[in-house]
Structures are given as structure tokens and as C-alpha cells.
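To keep things clear, I will list the structure first and then write my remarks on it.
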Amino acid sequence: MNSIDEKLRPILAEVHRRNAGEDEFLQAVHEVLESLGRVVAKHPHYLEKALIERICEPERQIIFRIPWVDDKGQVQINRGFRVQFNSALGPYKGGMRFHPSVNVGIIKFLGFEQTFKNALTGLPIGGGKGGSDFDPKGRSDGEIMRFCQSLMTELHRHLGEQTDVPAGDIGVSGREIGYMFGQYKRLNNRFEAGVLTGKALAFGGSRARTEATGYGNTYFVRAMLQTMGTDFDGKKVVVSGSGNVAIYTIEKVQAFGGKVIACSDSSGYVVDENGIDLDLLKEIKEVRRERIGEYVKRRGEGAHFIPTSKGEIWDVPCDVAMPSATQNELSGKGAATLIRNGVIAVGEGANMPSTPEAIKAFQEAGVKFAPGKAANAGGVATSALEMQQNASRDSWSFEQTEERLAKIMRDIHDTCATTADEYGAPGDYVLGANIAGFVRVAEAMDMQGVI
Ligand code: GLU
Numbered sequence: 000m001n002s003i004d005e006k007l008r009p010i011l012a013e014v015h016r017r018n019a020g021e022d023e024f025l026q027a028v029h030e031v032l033e034s035l036g037r038v039v040a041k042h043p044h045y046l047e048k049a050l051i052e053r054i055c056e057p058e059r060q061i062i063f064r065i066p067w068v069d070d071k072g073q074v075q076i077n078r079g080f081r082v083q084f085n086s087a088l089g090p091y092k093g094g095m096r097f098h099p100s101v102n103v104g105i106i107k108f109l110g111f112e113q114t115f116k117n118a119l120t121g122l123p124i125g126g127g128k129g130g131s132d133f134d135p136k137g138r139s140d141g142e143i144m145r146f147c148q149s150l151m152t153e154l155h156r157h158l159g160e161q162t163d164v165p166a167g168d169i170g171v172s173g174r175e176i177g178y179m180f181g182q183y184k185r186l187n188n189r190f191e192a193g194v195l196t197g198k199a200l201a202f203g204g205s206r207a208r209t210e211a212t213g214y215g216n217t218y219f220v221r222a223m224l225q226t227m228g229t230d231f232d233g234k235k236v237v238v239s240g241s242g243n244v245a246i247y248t249i250e251k252v253q254a255f256g257g258k259v260i261a262c263s264d265s266s267g268y269v270v271d272e273n274g275i276d277l278d279l280l281k282e283i284k285e286v287r288r289e290r291i292g293e294y295v296k297r298r299g300e301g302a303h304f305i306p307t308s309k310g311e312i313w314d315v316p317c318d319v320a321m322p323s324a325t326q327n328e329l330s331g332k333g334a335a336t337l338i339r340n341g342v343i344a345v346g347e348g349a350n351m352p353s354t355p356e357a358i359k360a361f362q363e364a365g366v367k368f369a370p371g372k373a374a375n376a377g378g379v380a381t382s383a384l385e386m387q388q389n390a391s392r393d394s395w396s397f398e399q400t401e402e403r404l405a406k407i408m409r410d411i412h413d414t415c416a417t418t419a420d421e422y423g424a425p426g427d428y429v430l431g432a433n434i435a436g437f438v439r440v441a442e443a444m445d446m447q448g449v450i
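For what it's worth, numbering that gives the first Met the number 0 labels the leading residue of the sequence shown as 0, then goes sequentially.
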């Protein structure tokens with residue numbers, strides 16, 4: 000609590016009381032409130048009108064049963080969630096996560112982050128998030144389809160292109176979005192293209208959506224490096240994860256001349272001093288859905304695999320680290336190792352991958368640090384571009400879409416940097432992102448009355 004402004008402490012205490020045990024959500028709220036002391040000093044009306052309390056409370060939370068039948072004929076039960084966090088700026092918008100760790104606290108932290116992230120894009124989207132504790136690992140196509148259909152049988156009544164627009168997140172990509180879209184369409188008897196994003200190109204998807212989160216983070220980190228008078232060229236880069244975000248981060252970093260030497264999954268990490276072979280990684284992860292150790296077996300000379308029990312990816316010396324796996328994957332210890340090895344910039348591709356201790360360590364060491372809610376906003380921004388294309392029954396070229404993405408990322412970078420300057424903390428992207436995102440949402444809410 001000490002780092003929180005005195006005037007905000009009662010608000011935090013109330014959030015703790017109301018959301019006891021939801022550790023990730025409390026962590027996310029804590030981080031934002033830490034940044035807001037300087038805001039309420041300048042603008043006391045945010046306190047007087049209880050805007051911070053209101054923003055910390057989701058508008059609506061839906062929890063439901065998802066029954067489905069597996070390939071053995073056995074009935075399985077999962078729990079589904081959709082947290083419709085804030086609609087001040089537009090329809091609720093945010094992904095669905097399928098992972099056994101999912102619970103209400105995780106979905107709430109993601110929805111809270113999403114609200115500020117979406118505001119930072121400058122596009123008309125509110126914040127929401129959903130998912131299930133369903134574990135897609137080892138499930139057949141048929142099981143995935145039946146699960147997605149059962150989920151949508153309940154969720155459809157809460158969605159709509161003007162109401163709530165889900166997309167993917169961990170465990171949810173094109174295949175799952177397709178099954179959910181098909182079921183939504185049957186239940187509503189409407190081809191409502193803009194109700195889900197991350198669709199396949201064949202039925203209203205946007206070009207560059209798959210690449211957008213990773214590309215966007217790379218654009219953001221490049222902008223940050225440029226403020227230091229440097230670039231990706233020749234830099235050694237470590238990208239944790241090997242899902243959609245990681246793969247397209249690696250692709251863009253390589254295009255900018257950086258050398259990605261390590262990536263990972265939950266089984267361990269690979270180091271490849273010759274630079275990650277992206278075609279091979281895509282083949283293993285996107286086509287065969289295998290573990291990362293396979294990469295080393297097929298790559299041969301120069302690559303090695305270290306299992307999770309023997310160390311972590313942050314042990315690999317690098318200039319730039321781009322955590323792109325999951326929340327709290329980069330601890331204070333990992334940060335200390337990276338700093339000792341000379342890291343100069345960190346860009347979060349995942350949502351909240353760095354613990355509070357890690358962020359503090361980076362900032363104290365003068366490492367440029369880009370928080371996820373700013374740096375990984377390219378994914379959801381391109382989802383909003385998909386909604387625009389759907390609304391106008393149009394389809395843009397890859398170049399046109401990527402150009403929009405690059406400009407959005409540049410604008411987010413500049414907004415965070417100028418906000419940090421304005422509030423007396425130059426170079427503090429965490430403060431800049433939290434304040435700029437908060438102010439956009441709070442101003443819109445204020446104008447809409449006590450909502
Ligand atoms: N799950 C992604 C995120 O964390 C994308 C959400 C979306 O496209 O709606 O921002």
C-alpha cells in the first residue's frame with residue numbers, strides 16, 4: 000500500500016475487500032492506482048465523482064456451465080466466463096482464453112487491463128474478457144468444436160456487434176473463433192460478421208490480425224529504442240512463448256534486423272545461437288502442435304533445449320526481452336538476471352507478464368520498459384479494424400492494414416511518452432499508459448452521468 004497515494008488507499012482497501020483472493024485482479028488494480036496519485040492531485044473531480052471506484056467494478060459478470068460430450072461419450076463440465084468490464088468508449092471488446100488456470104480473478108484482471116488498453120488505441124471499443132477452464136491440450140477437432148458450440152449456446156445471448164465482441168487469447172485462435180461464429184449464426188439466424196474478431200479471411204476476417212499483436216509490440220519497442228538513438232539492427236532478442244504473439248514478434252524483429260536467439264513453451268526453452276528458424280518453429284507450433292523440444296531435434300547443430308526444471312529463458316543474455324507467454328512469467332529474479340546481463344529494453348507481448356518486483360527492478364536500473372496494455376494493444380486495435388471492415392462490408396490489403404497498425408502503435412507510444420512527461424515522470428511508460436488510458440475512460444464516463 001505504501002506506494003499508493005493516501006487519498007487512494009481507501010479505494011484500494013475496498014477493492015481488496017470486495018475481491019478477496021483474486022490475486023491477479025488485485026495486482027492489476029494496484030498497478031493502475033499506483034499511477035493515479037498524480038492524476039487526482041491535478042483533477043480532484045475523479046475522486047469526488049467516484050470514477051476510480053466505478054472503473055474498478057465490472058459493469059456485468061457472467062459465469063455459466065458448459066456441458067459437452069467427449070470422444071469417449073463421457074459428459075464433461077467446464078465453467079465459462081464473460082466479464083463485461085466497461086462500455087464507456089464502445090461495445091465490450093476483448094478475447095476469450097481457454098486454459099485450465101482460468102478463474103474469475105484472471106478474467107477480471109484481463110478485462111481490467113483490456114479496458115485501458117482499448118482506450119489507448121484511440122478506437123471506439125470498451126473492455127471485456129472471457130474464457131473457460133477448458134484445457135484444449137490433446138483434444139480432438141470434434142471435441143473442440145462441441146465445446147465451442149456448447150459455450151456459445153449460452154454466451155450468444157450476451158453478445159452482439161454493438162454489445163460485446165469477443166476474439167481470441169491463449170488457447171483460442173482461428174479454429175475456435177470459426178466454431179463459435181458458426182454456432183452464433185445458427186442461434187441468431189443472422190450473419191453478424193462484426194460479433195467476433197480474429198475470423199478467417201473467408202468470412203470477414205482481417206488481414207494482419209494474426210500478426211498484429213507481435214508486430215505491434217515490435218513496432219512499440221522499436222519506437223522506444225529510437226528514443227535511445229538505436230534500433231533492432233544487430234540486437235540479440237529473447238522472446239518467451241511460442242504461440243501466436245511470440246511467433247509474429249520473432250518474424251517482425253527479424254525483419255527489423257534483430258536476432259532472436261531463444262523462445263519457449265511451458266515445457267522449457269530453446270536457445271539457437273544462429274537465430275530462430277521461423278519456418279521450422281511455425282511448422283512445429285502452428286501445424287503439428289508439438290512441444291518446443293522438437294525444434295532442437297529437427298534443427299540440429301547450434302540449438303539446445305533446457306527444460307523448465309533446469310532454468311528459465313531469462314537466463315539467456317540479450318539486449319531486448321519480449322515476454323510473450325503469460326501473466327507473471329517474469330519475476331524479480333528473472334529481471335535481475337536480465338539486468339546483470341545488460342538488457343536495455345523490455346516490451347510486454349503478453350498481458351501482465353512481469354511481476355511488480357520485475358517492473359520495479361527494470362525501472363530502477365534505467366531499462367526501458369513497455370507495459371503490455373500499451374505494447375500489446377496492436378492485436379485488439381486490429382480487431383477494431385476488422386470491425387470497421389465488417390461494418391463497411393470491405394476488406395483491406397495486408398499493406399493498408401499493417402500501415403494502420405504501425406501508425407496506431409506509434410501514436411500509443413507517443414501518447415504514453417508525452418503523458419509521462421506531462422505528469423513529471425519522463426520515460427515512465429507504465430505511468431504514461433495507466434494515466435492516458437484511465438483519463439480517456441474516466442472522461443467518457445463522466446460525460447455519460449453516474450453510470
Ligand atoms: N486477447 C487479445 C488481447 O489481450 C486480443 C483481444 C481482441 O482482439 O479483442 O488484447
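Even for Gly, the Cβ is constructed at its ideal location relative to N, Cα and C.
Item                                                                                                                                                                    : Value
Tell me the rounded alpha-carbon separation between Phe451 and Thr152.                                                                                                  : The first residue shown for the chain is 0 and the last is 450, placing residue 451 beyond what the model contains.
Checking the sheet assignment: what are the DSSP bridge partners for Ala302?                                                                                            : Asp271
Contact between the region 359 to 378 and the region 206 to 217: three or more CB pairs below 8 Å?                                                                      : yes
Suppose the cutoff is 8 Å on Cβ atoms and the five residues either side in sequence are ignored; what does the same chain contact list for Phe231 look like?            : Thr217, Val220, Arg221, Leu224, Val252, Phe255, Gly256, Gly257, Val319
May I ask you to report which of helix, strand or coil DSSP gives Pro370?                                                                                               : coil
Indicate, with yes or no, if ligand 1 has a heavy atom lying under 7 Å from the CB of Lys465.                                                                           : A question about residue 465 goes unanswered here, because the residues of the chain that appear run from 0 up to 450.
Please state whether DSSP places Leu122 in a helix, a strand or coil.                                                                                                   : coil
Starting from Tyr91, follow its DSSP beta bridges and name the residues at the other end.                                                                               : Asp163
I'd like to confirm something about Gly197: is its beta-carbon nearer than 7 Å to some heavy atom of ligand 1, or not?                                                  : yes
Would Lys367 be called buried (16 or more neighbouring beta carbons within 10 Å of its own) or exposed?                                                                 : buried
Is the number of C-beta pairs between the region 72 to 87 and the region 120 to 136 that are closer than 8 Å three or more?                                             : yes
Return the first residue and the last residue of the beta strand (DSSP E) that Asn77 is part of.                                                                        : 74 to 85
Helix, strand or coil: how does DSSP classify Ser396 here?                                                                                                              : coil
Specify the secondary structure class of Val438 as computed by DSSP and reduced to three states.                                                                        : helix
In this structure, what does DSSP give as the bridge partners for Lys258?                                                                                               : Lys235
DSSP on Pro66, reduced to helix/strand/coil?                                                                                                                            : strand
How would you write the range of the beta strand (DSSP E) that Gly333 sits in, first residue to last?                                                                   : Counting along the chain, Gly333 falls outside any beta strand (DSSP E), though it belongs to the alpha helix (DSSP H) covering 331 to 339.
Given this structure, state the Cα-to-Cα distance separating Cys147 from Arg185, to the nearest angstrom.                                                               : 13 Å
Where do the ends of the alpha helix (DSSP H) carrying Pro322 lie?                                                                                                      : Not the alpha helix (DSSP H): Pro322 falls in the beta strand (DSSP E), residues 319 to 322.
Measuring only from the beta carbon, is Asp168 closer than 7 Å to any heavy atom that is part of ligand 2?                                                              : What this structure holds is ligand 1, not ligand 2.
Please indicate yes or no: does the CB of Val379 lie closer than 7 Å to some heavy atom of ligand 1?                                                                    : yes
Which term fits His44, buried or exposed, when burial requires 16 or more other beta carbons within 10 angstroms of its beta carbon?                                    : exposed
For Ala222, which three-state DSSP category applies?                                                                                                                    : helix
Say whether the region 26 to 44 touches the region 105 to 122, bearing in mind that this needs 3 or more beta-carbon pairs closer than 8 Å, one atom from each stretch. : yes
Taking DSSP as the reference, what is the three-state secondary structure of Ile61?                                                                                     : strand
Quick check on Ala390: does DSSP put it in helix, strand or coil?                                                                                                       : helix
Under three-state DSSP, which class holds Ala424?                                                                                                                       : coil
Given Ile61, which residues of its chain have a CB within under 6 Å of its CB, disregarding the five upstream and five downstream residues?                             : Arg81, His157
Could you check how far apart the C-beta atoms of Ala369 and Glu347 are, in whole angstroms? I think they sit under 8 Å.                                                : 6 Å
Are the beta-carbon atoms belonging to Pro425 and Ala432 less than 8 Å from one another?                                                                                : no
Pick from Gln399, Arg290, Ile434, Val171: whose alpha carbon is nearest that of Cys415?                                                                                 : Ile434
Once the 5 residues before and after Glu191 are set aside, which same chain residues still bring their CB inside 8 Å of it?                                             : Gly159, Glu160, Tyr183, Lys184
To which residues of the same chain is Glu250 closer than 8 Å at the C-beta, ignoring the five residues directly before and after it?                                   : Glu210, Gly213, Tyr214, Leu277
Hey, Asn77 and Gly203: beta-carbon distance below 8 Å or not?                                                                                                           : no
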